[in-house]
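These notes concern the structure reproduced below.
Protein chains: 2
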Amino acid sequence: MADKTTTPPAAGSIRARVRAEMIDQIKTIARRHIEAEGANLSLRAVARDLGVVSSALYRYFANRDDLLTALIIDAYDSLGDAAERADAAVPDRSDVLARWLAVAHALRTWSVDRPHEYALIYGSPVPGYAAPRDTVEPSTRPVMVLGAILADAKAARRLSNENATPIPTALRLEILRVAETIGAKVTAPIMARAMIAWTQLFGAISFEVFGRLNNTIDHRTDWYDYQARTMATFIGLT
Amino acid sequence: MADKTTTPPAAGSIRARVRAEMIDQIKTIARRHIEAEGANLSLRAVARDLGVVSSALYRYFANRDDLLTALIIDAYDSLGDAAERADAAVPDRSDVLARWLAVAHALRTWSVDRPHEYALIYGSPVPGYAAPRDTVEPSTRPVMVLGAILADAKAARRLSNENATPIPTALRLEILRVAETIGAKVTAPIMARAMIAWTQLFGAISFEVFGRLNNTIDHRTDWYDYQARTMATFIGLT
DNA sequence: CTCGCATCGAGAGCACTGCTCTCGTTTCGA
DNA sequence: TCGAAACGAGAGCAGTGCTCTCGATGCGAG
């Protein structure tokens, strides 16, 4: 969270409840503004909508970037939730292909439904950079889902054997470290392919959300599905 | 260009020359500011750097968005140039794999050298969307290079035969229209793979430029090269 | 060669922004 | 219960995009 403005009032008090509600309302209204007109978030406009004077907001967020950071964290969590739920909803846990497709489509659906929130987390870093420490943990949640799928795919031997292309040693070690981080002890070539596919997925979503498909591809769900399936084959998921 | 502010003075005149120089200076300074601190471009700051009062800029650009649009067009052209030059620099025109790699690396190099300009054109649409008509033609230049490579690859029979995955008809037609647009009369499955690879490349660049590789992959040129090579194989370029 | 018009930069001004500081009021907890 | 902490209102500062007016300057048609 982001309320280093004042020392937080002790947990049980009425003030603590009101404060939490206030923070929630601020974030909700701010999210509405962002969804309406992009990252040009105006604190004063949020304050107006909330029926409060602008300086009051500074009791809850040290500055505009702090508010944005809070929204970014929430967005990551929301996206992570969506991915995890989509994965969990596949009954046959060993059907790793279905799980990959479910997660892939969940990522896209979440994104096209909230283009500006997507832009907030996967678009260009907005104001003065500085992705704060607090954002890195939530940002890993979606990729952890991929890790689970990979791990289960390996366990179920539903991962085709790699046709290895040589990888420079130093890079290979970094890739293996990524595999370890997301809890999938697969070989470097397979992990590399998974990372490539993951990158492709977000490239596809970015292209769609940022308007790169306009006047080109109208059957977007079909196109995305085709990409996701092709990349699943590419990884070797069966 | 973007100077609907006033009727442009007749071509030969001194005023026309001065005006063109002024526009250039404004864009140069604006570009410098963007490269220094992102898309939060301040017209007044540009005016100050130029030793001129802010209202004077409005003789040359109708508003801030117009200036940004001009910068976006220039960025597209610059990136297109880089891609075309990289392609042209490969002596053996039939070595389509080398050409693909050259273009891929040129795209990345251009982008990591100018992260904020890259964000301008491939990041989230900044203020109120509205990519103006003038931007669409320059934005196609990089992908036209891909088209040329594909066309030559087909002509030289250096494109592996596809292992076709069925594509929904409507989508297939759209993909074929893309192929036609970029001047590569290849089959839909091959074109689809090319588009997937292209999407992957920009996903990879975005991940790197927007900081998604921080604390994860440090050998970035190696990693990108591996991705580009893998995608070349994926397309079937040999 | 000249004279009216288009273009130019300066400057003031408007509405807006993020953010700070002060000042009474309310609420908490020791 | 009473001092300290937290709160919202309000004024104010520096900055922004953009508009309008006003003299000065260069242009091209006569």
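Going down the list, the protein sequences come from chains A and B.
Its first residue numbered 12, the first sequence is counted upward by one per residue in our numbering.
Its first residue numbered 12, the second sequence is counted upward by one per residue in our numbering.
Even glycine gets a Cβ: it sits at the ideal position worked out from N, Cα and C.
At a C-beta separation below 7 Å, residue 156 of chain A has no neighbours in chain B, since its nearest C-beta there lies roughly 16 Å away. Taking a Cβ-Cβ cut-off of 7 Å, residue 149 of chain A has no neighbours in chain B, whose nearest Cβ is about 14 Å from it.
By the neighbour-count criterion, in which 16 or more other beta carbons inside 10 Å mark a residue as buried, residue 118 of chain B falls on the buried side. Neighbourhood of residue 230 of chain A in chain B, by CB distance below 8 Å: 179, 181, 182 and 185, in chain order. At a beta-carbon threshold of 7 Å, none of the residues of chain B lie near residue 102 of chain A; the nearest stands roughly 25 Å away.
The beta-carbon of residue 235 of chain B is placed no less than 8 Å from the nearest beta-carbon of chain A.
Taking the Cβ atoms as the reference, residue 84 of chain A lies roughly 35 Å from residue 179 of chain A, outside the contact range of under 8 Å. Beta-bridge partners assigned by DSSP to residue 118 of chain B: none are found. Among the bridge pairs identified by DSSP, residue 248 of chain A is matched with A:170.
Counting only runs of at least 4 residues, the region 51-127 of chain A fully encloses the following alpha helix (DSSP H) elements, listed from N- to C-terminal order: 54-61, 65-68, 75-99 and 107-124. One thing to note: residue 160 of chain B has its Cβ no nearer than 8 Å to the Cβ of residue 121 of chain B. Contact annotation for residue 136 of chain A against chain B: 221 and 222 [CB-CB distance below 7 Å, chain order]. Not flagged as an interface residue toward chain A: residue 197 of chain B, since no C-beta distance is shorter than 8 Å.
Counted as a single uninterrupted DSSP element, the alpha helix (DSSP H) harbouring residue 201 of chain B occupies residues 199-220.
In terms of Cβ geometry, residue 80 of chain B and residue 35 of chain B do not form a close pair [threshold 8 Å]. Per DSSP, the continuous alpha helix (DSSP H) segment holding residue 39 of chain A begins and ends at 25-48. Out of B:38, B:203 and B:86, the CA that lies nearest to the CA of residue 130 of chain B is found in B:86. Judged by their CB atoms, residue 125 of chain A and residue 46 of chain A are nearer to each other than the 8 Å cut-off. Contact between the region 207-215 of chain A and the region 231-242 of chain A is established, with three or more Cβ pairs separated by less than 8 Å.
For residue 186 of chain A, the enclosing alpha helix (DSSP H) stretches over residues 180-192.
According to the DSSP assignment, residue 144 of chain B belongs to the alpha helix (DSSP H) that extends over 144-150.
Contact between the region 71-78 of chain B and the region 88-97 of chain B is absent, with fewer than three C-beta pairs closer than 8 Å. For residue 176 of chain B, the nearest beta carbon of chain A is closer than 8 Å to its own beta carbon. Close partners of residue 80 of chain A in chain B (Cβ separation under 9 Å) are lacking, with about 14 Å as the shortest Cβ gap. Residue 246 of chain A and residue 185 of chain B have their C-alpha atoms roughly 26 Å apart. When CB distances to chain B are screened at a threshold of 8 Å, the residues of the region 27-51 of chain A falling below it are 48, 49, 50 and 51, in chain order. One thing to note: residue 65 of chain A has its Cβ no nearer than 8 Å to the Cβ of residue 78 of chain A. Listed along chain B are 176, 203, 204 and 207, each with a C-beta nearer than 8 Å to that of residue 241 of chain A. The C-alpha of residue 222 of chain B is placed about 25 Å away from the C-alpha of residue 92 of chain B.
The contact set of residue 189 of chain B on chain A, defined by CB atoms closer than 7 Å, consists of 227 in chain order. Residue 196 of chain B carries a coil assignment under DSSP once its states are collapsed to helix, strand and coil.
The three-state reading of DSSP puts residue 134 of chain B in coil, since its state is none of H, G, I, E or B. Counting only residues of its own chain and dropping the five nearest sequence neighbours on each side, residue 58 of chain B has a CB closer than 7 Å to the CB of 64, 65, 67 and 68. Taking each of B:113, B:177 and B:147 in turn and checking the Cα distance to residue 225 of chain A, the smallest one comes out for B:147. With fewer than 16 other beta carbons inside 10 angstroms of its own, residue 196 of chain A counts as exposed. In the three-state reduction of the DSSP assignment, residue 229 of chain B falls in the coil class.
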